[in-house]
Amino acid sequence: MTSVPMTQSSAAERDQHEGPFLQVENLKVTFPTQDGPVTAVSGLTYSVEKGKTLGIVGESGSGKSVSSMAVMGLHDAKSAQISGSIRVGGTEVVGLSESHMRGLRGNSMAMIFQDALAALHPFYKIGGQLEEAYLVHHSSASKRDARRKAIEMLDRVGIPQPDRRVDDFPHQFSGGMRQRAMIAMGLINDPSLLIADEPTTALDVTVQAQILDLLQDLQREFNSAVIIITHDLGVIAEMADDVLVMYAGRCVEYGTAKQILTSPEMPYTWGLLSSIPDVTASTDARLIPIPGNPPSLLRPPPGCSFHPRCVHSSKVAGDLCSTELPELLPASSGTAHLKRCHLTDPVGVYRSEVLPEIAPELVEETR
Amino acid sequence: MTQDPNAQAQIEPTELGANAAETGDRQLTDETSDAYGSHEVGVGNLDFATVAEMGHTATQLDPLAPAVLSVDNLKMYFPVKSSGVVRRTIGHVQAVDGISFEVPKGGSLGLVGESGCGKSTTGRLITRLYKPTGGSMMFEGQDLAQLNNKQMKPLRRDVQMIFQDPYTSLNPRHTVGAIVGAPLEVHKIVPKNQVLKRVQELLEVVGLNPEHYNRYPNEFSGGQRQRIGIARALTLNPKVLVADEPVSALDVSIQAQVVNLLQDIQTEFDVSFLFIAHDLAIVRHFCPEIAVMYLGKIVEIGDRETIYGRPHHPYTQALLSAVPDVKQAAIGGRRERIRLEGDVPSPINPPSGCRFRTRCQFAQEICAKVEPPLLQIGQRHKVACHFAGELGAHPATPVTTALLGVDDQGSPVSGAAPTNTQLTIPGYEETWYDLKTRQTTGV
Ligand SMILES: Nc1ncnc2c1ncn2[C@@H]1O[C@H](COP(=O)(O)OP(=O)(O)OP(=O)(O)O)[C@@H](O)[C@H]1O
Ligand SMILES: Nc1ncnc2c1ncn2[C@@H]1O[C@H](COP(=O)(O)OP(=O)(O)OP(=O)(O)O)[C@@H](O)[C@H]1O
Ligand code: SF4
Ligand code: SF4
Ligand SMILES: [Mg+2]
Ligand SMILES: [Mg+2]
Numbered sequence: 001m002t003s004v005p006m007t008q009s010s011a012a013e014r015d016q017h018e019g020p021f022l023q024v025e026n027l028k029v030t031f032p033t034q035d036g037p038v039t040a041v042s043g044l045t046y047s048v049e050k051g052k053t054l055g056i057v058g059e060s061g062s063g064k065s066v067s068s069m070a071v072m073g074l075h076d077a078k079s080a081q082i083s084g085s086i087r088v089g090g091t092e093v094v095g096l097s098e099s100h101m102r103g104l105r106g107n108s109m110a111m112i113f114q115d116a117l118a119a120l121h122p123f124y125k126i127g128g129q130l131e132e133a134y135l136v137h138h139s140s141a142s143k144r145d146a147r148r149k150a151i152e153m154l155d156r157v158g159i160p161q162p163d164r165r166v167d168d169f170p171h172q173f174s175g176g177m178r179q180r181a182m183i184a185m186g187l188i189n190d191p192s193l194l195i196a197d198e199p200t201t202a203l204d205v206t207v208q209a210q211i212l213d214l215l216q217d218l219q220r221e222f223n224s225a226v227i228i229i230t231h232d233l234g235v236i237a238e239m240a241d242d243v244l245v246m247y248a249g250r251c252v253e254y255g256t257a258k259q260i261l262t263s264p265e266m267p268y269t270w271g272l273l274s275s276i277p278d279v280t281a282s283t284d285a286r287l288i289p290i291p292g293n294p295p296s297l298l299r300p301p302p303g304c305s306f307h308p309r310c311v312h313s314s315k316v317a318g319d320l321c322s323t324e325l326p327e328l329l330p331a332s333s334g335t336a337h338l339k340r341c342h343l344t345d346p347v348g349v350y351r352s353e354v355l356p357e358i359a360p361e362l363v364e365e366t367r
Numbered sequence: 001m002t003q004d005p006n007a008q009a010q011i012e013p014t015e016l017g018a019n020a021a022e023t024g025d026r027q028l029t030d031e032t033s034d035a036y037g038s039h040e041v042g043v044g045n046l047d048f049a050t051v052a053e054m055g056h057t058a059t060q061l062d063p064l065a066p067a068v069l070s071v072d073n074l075k076m077y078f079p080v081k082s083s084g085v086v087r088r089t090i091g092h093v094q095a096v097d098g099i100s101f102e103v104p105k106g107g108s109l110g111l112v113g114e115s116g117c118g119k120s121t122t123g124r125l126i127t128r129l130y131k132p133t134g135g136s137m138m139f140e141g142q143d144l145a146q147l148n149n150k151q152m153k154p155l156r157r158d159v160q161m162i163f164q165d166p167y168t169s170l171n172p173r174h175t176v177g178a179i180v181g182a183p184l185e186v187h188k189i190v191p192k193n194q195v196l197k198r199v200q201e202l203l204e205v206v207g208l209n210p211e212h213y214n215r216y217p218n219e220f221s222g223g224q225r226q227r228i229g230i231a232r233a234l235t236l237n238p239k240v241l242v243a244d245e246p247v248s249a250l251d252v253s254i255q256a257q258v259v260n261l262l263q264d265i266q267t268e269f270d271v272s273f274l275f276i277a278h279d280l281a282i283v284r285h286f287c288p289e290i291a292v293m294y295l296g297k298i299v300e301i302g303d304r305e306t307i308y309g310r311p312h313h314p315y316t317q318a319l320l321s322a323v324p325d326v327k328q329a330a331i332g333g334r335r336e337r338i339r340l341e342g343d344v345p346s347p348i349n350p351p352s353g354c355r356f357r358t359r360c361q362f363a364q365e366i367c368a369k370v371e372p373p374l375l376q377i378g379q380r381h382k383v384a385c386h387f388a389g390e391l392g393a394h395p396a397t398p399v400t401t402a403l404l405g406v407d408d409q410g411s412p413v414s415g416a417a418p419t420n421t422q423l424t425i426p427g428y429e430e431t432w433y434d435l436k437t438r439q440t441t442g443v
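Chains as they are written, first to last, in UniProt numbering: chain A, 1 to 367; chain B, 1 to 443.
Below, the structure written as structure tokens:
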């Protein structure tokens, strides 16, 4: 049995503290590699309140998983250098010992991983794995309590006949059922913070809809703070209150889901929106790719990391884009909307150039 | 195939390894290599107008295009073997069970449906990686289903496949030049001393630097590898390309590059596509016609506007309602959706009658008794449902009874002869069954 350094009372204190439940400030994560240091995340600042959902989108390799794993304290101190501040319910977790971290994980916070099959142990029954997760944080609970809790959680996530399926092995579950079992595991200790890393990417849309319903119901019930990482902007639109757009380890745009998806002000975000078709879009809408490939983190481009692929940099005076990293500054669409870009009139460019190509029907409407 | 309902049964793979490309070792290489960008031609200094110009709008339907491939009542049953020393066949996975459709010349038919419904199997049948259990596949006057391997060989050039996973479908030990050039040598298309020139042309077509023919796949990014796979499929000037999830393994920003490339190829070389994908939005963009599959059957097929705008099958309606919509951001909250209960039944033992009935909110007695025929109900629209209708307007009584000679509960009516004369041909008839009047009508 692992010792649980966090007492019940300190957990209660965490839940009552003032301000956002999760506060990340100036987070930087660097991996020393043979070829030199790789800075996977830098200068990242965001916060999530209880009952709210933050969506994180961005290019593959932009640091979405690495930053979330830092919040969960899942990086090996030997191979990752972490600086900045991460406060969970007021507790600073950067530099916290592994035993303290383990007390928080699965209790105050939990993560649903990109690959459910890899996260469930193939040789142990689903129920046994759930029971263990429960007992780690409820050392006074009996084995019978734990089993009852495991069945209850399987039922909550919509597994049919949970009292029978609790004794199944992971391979006896379908992909959607495994994903639900993962969610049951993540939620078994009523975490105040849940991070879901691409929870539905490999699933059918019908199963995806069930999982998203479930996440929302459970969030409502437990008033948890939720981070959902996905490449699907439709999921973001329907699930997230706020959105963080990442590129090459940095936040490049931040705002409410409505601000980011209806009045984005940064060319990478525009590129993302224009490279994805929409099920209800006009068939006159163009699918416009982002040219080129993601940058190397070993030798990141100078200036704005997006400049080698940006098709709007010619609108910026001089060679600012390739020499100076833009700061994350307030955008024009409203409070708390931030963007990292040198363009002086992003709204004008978006309205007059981008929108007519990617959503001609919206241009008509706003005229 | 993560949600394979047959995981427990011992399944005999048929002609497995028929496609060496798919079984190639996956090489896990360090993705931090930063030489990617340089493989491509002409990325630098583009402005938005130029890039937008390169992006395409949704492919339009050509209603007059003749069929290049005509598939009739196609079936693929995989034997399920018992375990033990003597392995007897104890059942069959009815992976594809009597599907019919046409692929128009220069056009593209989309194939969508839940995991395990038989999409990839259909693709493999058409490329003859599998020999079908039944049915026909007419291509230029020949039935691909009947040909033996030797007779198939000259036709293999014409029907090619693009695979889902750019990481496993290219042999890591061969150079890009060898990979793209191999089919040219096997089929002796061009003299040996011209192979390189042709390979370089093809690399240029797919937007890669032709000078990089002697590099290895691991030096390329995922999107670039997918383009190499496309170049390989194009080497033999195919007439039909089966694209099985061609972009789903790629990062979203790269998906659009590949979709645009496929559209370019389609217009330039007049290639016809069978386009298989999970992503209903990508399918809508690429395919003017779509077939929806459920558990080995086509349940609805029609043009884009009908399938996405006025679907008549309860499964199509549920599928479409489940797709999250970016436009919802302006409104907030979740979209109203039809919740499907339960899991997909096993294709070894599918439900009687309509295969969707175990999860259908409109199911009635007749649905368990009689299988609904894939009925043409519009100029370019067919649906297989006893209660076919637009969402919110499904009829109270079955629409199929007169055609099938049964009563509303699905029991045969004595003396009533089935009047249905138009049971599923591959294409569309001039006349169809009008759901409102329950009469045959036409243009
Ligand atoms: N242990 C490590 N050592 C070195 N580099 C690493 C390590 N872990 C991650 N990286 C690098 O950090 C970068 C960010 O990775 P991360 O997993 O956060 O990307 P992501 O945004 O989650 O992408 P995806 O959408 O593909 O999941 C990548 O370039 C990755 O190669
Ligand atoms: N070689 C095989 N031997 C036995 N059964 C098979 C074989 N290939 C496919 N099946 C079964 O046939 C059914 C249809 O599989 P198929 O791969 O065609 O589905 P799919 O629609 O492509 O699914 P996905 O969206 O997951 O790729 C599944 O039940 C599958 O398990
Ligand atoms: S700063 Fe320059 S290069 Fe970067 S996104 Fe803005 S315009 Fe493009
Ligand atoms: S035939 Fe019956 S069960 Fe099948 S889809 Fe139609 S209403 Fe539902
Ligand atoms: Mg990730
Ligand atoms: Mg498939």
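Where a beta carbon is used, it is the ideal one built from N, C-alpha and C, also for glycine.
Predicted model only: the values in this text are computed from it and were never measured.
Would you please verify whether the beta carbon of A/R367 is less than 8 Å from any beta carbon of chain B? At A/R367 the pLDDT is 46, less than 50, meaning the model places this residue with poor confidence; the figure from the coordinates comes in the next sentence. It does not: the Cβ of A/R367 has no partner Cβ on chain B nearer than 8 Å.
Extent of the continuous beta strand (DSSP E) run through B/R92: This sequence places His at residue 92 of chain B; Arg is not what is there. B/H92 -> beta strand (DSSP E) spans T89 to P104.
Is it buried or exposed for A/R220, if we count other Cβ within 10 angstroms and need 16 for buried? exposed
Express the C-alpha separation of B/E305 and B/A35 in angstroms, rounding to a whole number. Note on B/A35: pLDDT 40, under 50, position unreliable in the model; the coordinate value appears next. Rounded to the nearest angstrom, the two C-alpha atoms are 43 Å apart.
To test your reading of the DSSP string, which unbroken alpha helix (DSSP H) runs of 4 or more residues are found completely within the segment 313-356 of chain B? List check, alpha helix (DSSP H) in window: 314-321 and 328-331.
Which same chain residues, not among the five before or five after B/F101, have their C-beta less than 7 Å away from its C-beta? Excluding the 5 residues flanking it on each side, B/F101 has same chain C-beta neighbours closer than 7 Å at V71, L109, A291, I298, I301 and P426, in chain order.
Give a yes or no on whether the minimum CB-CB distance between A/G51 and chain B is below 8 Å. no
The segment 389-407 of chain B contacting the segment 428-437 of chain B, beta-carbon criterion three pairs below 8 Å: Verdict: yes, contact present.
Identify, in the order they occur along the chain, each residue of the same chain with its Cβ nearer than 8 Å to the Cβ of A/S79, setting aside the five sequence neighbours on each side. F31 and P32
Residue-chain proximity (A/L320, chain B), Cβ-Cβ < 8 Å: no
Tell me the start and end of each unbroken alpha helix (DSSP H) in the segment 161-215 of chain A that is at least 4 residues and wholly inside, in chain order. 162-165 and 175-187
Minimum Cβ-Cβ distance from A/T323 to chain B less than 8 Å: no
Identify the residues that DSSP records as bridge partners of A/E25: which are they? A/S85
Let's see if you can read the secondary structure: which residues bound the beta strand (DSSP E) around B/V71? In this chain, the beta strand (DSSP E) harbouring B/V71 covers A67 to K81.
Please identify the residue among B/P412, B/A65, B/D408 and B/L69 whose C-alpha is closest to the C-alpha of B/M137. Checked all of B/P412, B/A65, B/D408 and B/L69; the closest Cα to B/M137 is B/L69.
What residues are listed by DSSP as bridge partners for B/F139? B/L69 and B/Q142, per the DSSP bridge assignment.
Mind checking who A/P301 pairs with in its DSSP beta bridge? In DSSP, A/P301 forms no bridge with anything.
How many Å lie between A/T262 and A/V347 at the Cα? 11 Å
Measuring straight from C-alpha to C-alpha, what distance separates B/H278 and B/P345? Rounded to whole angstroms, B/H278 to B/P345 spans 19 Å at the Cα level.
Judging by CA-CA distance, which residue of A/V226, A/G51, A/L96 and A/D163 is the nearest neighbour of A/A110? Nearest of A/V226, A/G51, A/L96 and A/D163 to A/A110, Cα basis: A/V226.
Given 7 Å as the limit, tell me if A/Y350 has its C-beta closer than that to any heavy atom belonging to ligand 3. no
Determine the chain B residues that contact A/T206 at a beta-carbon separation under 8 Å, and present them in chain order. E114, A318, L319, A322 and L340
In chain A, what lies closer than 7 Å to B/D251 by C-beta? E59 and S60
C-beta atoms of B/P132 and B/A145 nearer than 8 Å: yes
Anything in the segment 276-294 of chain A with a Cβ closer than 7 Å to a Cβ of chain B? List those residues in chain order, please. I276, P277, D278, V279, T280, T283, D284, A285, R286, L287, I288, P289, I290, P291, G292 and N293
For A/I290, I'd like the list of residues in its chain whose CB is within less than 7 Å of its CB, leaving aside the five on either flank, ordered along the chain. G271, S275 and R309
Compare the C-beta of B/L196 with all C-beta atoms of chain A and state if any pair is closer than 8 Å. no
For B/I331 and B/L280, the rounded distance between their alpha carbons: 22 Å
Any contact of the segment 77-84 of chain B with the segment 260-274 of chain B, i.e. 3+ C-beta pairs under 8 Å? no
With distances taken from CA atoms, which of A/S42, A/V205 and A/I188 is nearest A/I82? A/S42
Taking the Cβ atom as the reference point for each residue, do B/R198 and B/V190 lie within a distance shorter than 8 Å? yes
From which residue to which residue does the alpha helix (DSSP H) around B/D264 run? V252 to F269
If you run the structure through DSSP and keep just helix, strand and coil, what is A/G58? A/G58: strand per DSSP, three-state reduction.
Between the alpha carbons of A/G19 and A/E49, how many angstroms are there, rounded? 7 Å
What are the boundary residues of the alpha helix (DSSP H) that A/C251 is part of? First-last for A/C251: R250 to T256, but that is the beta strand (DSSP E), not the alpha helix (DSSP H).
Could you tell me the distance, in whole angstroms, from the CA atom of A/A240 to the CA atom of A/L233? Across the structure, A/A240 and A/L233 are spaced so that their CA atoms are roughly 10 Å apart.
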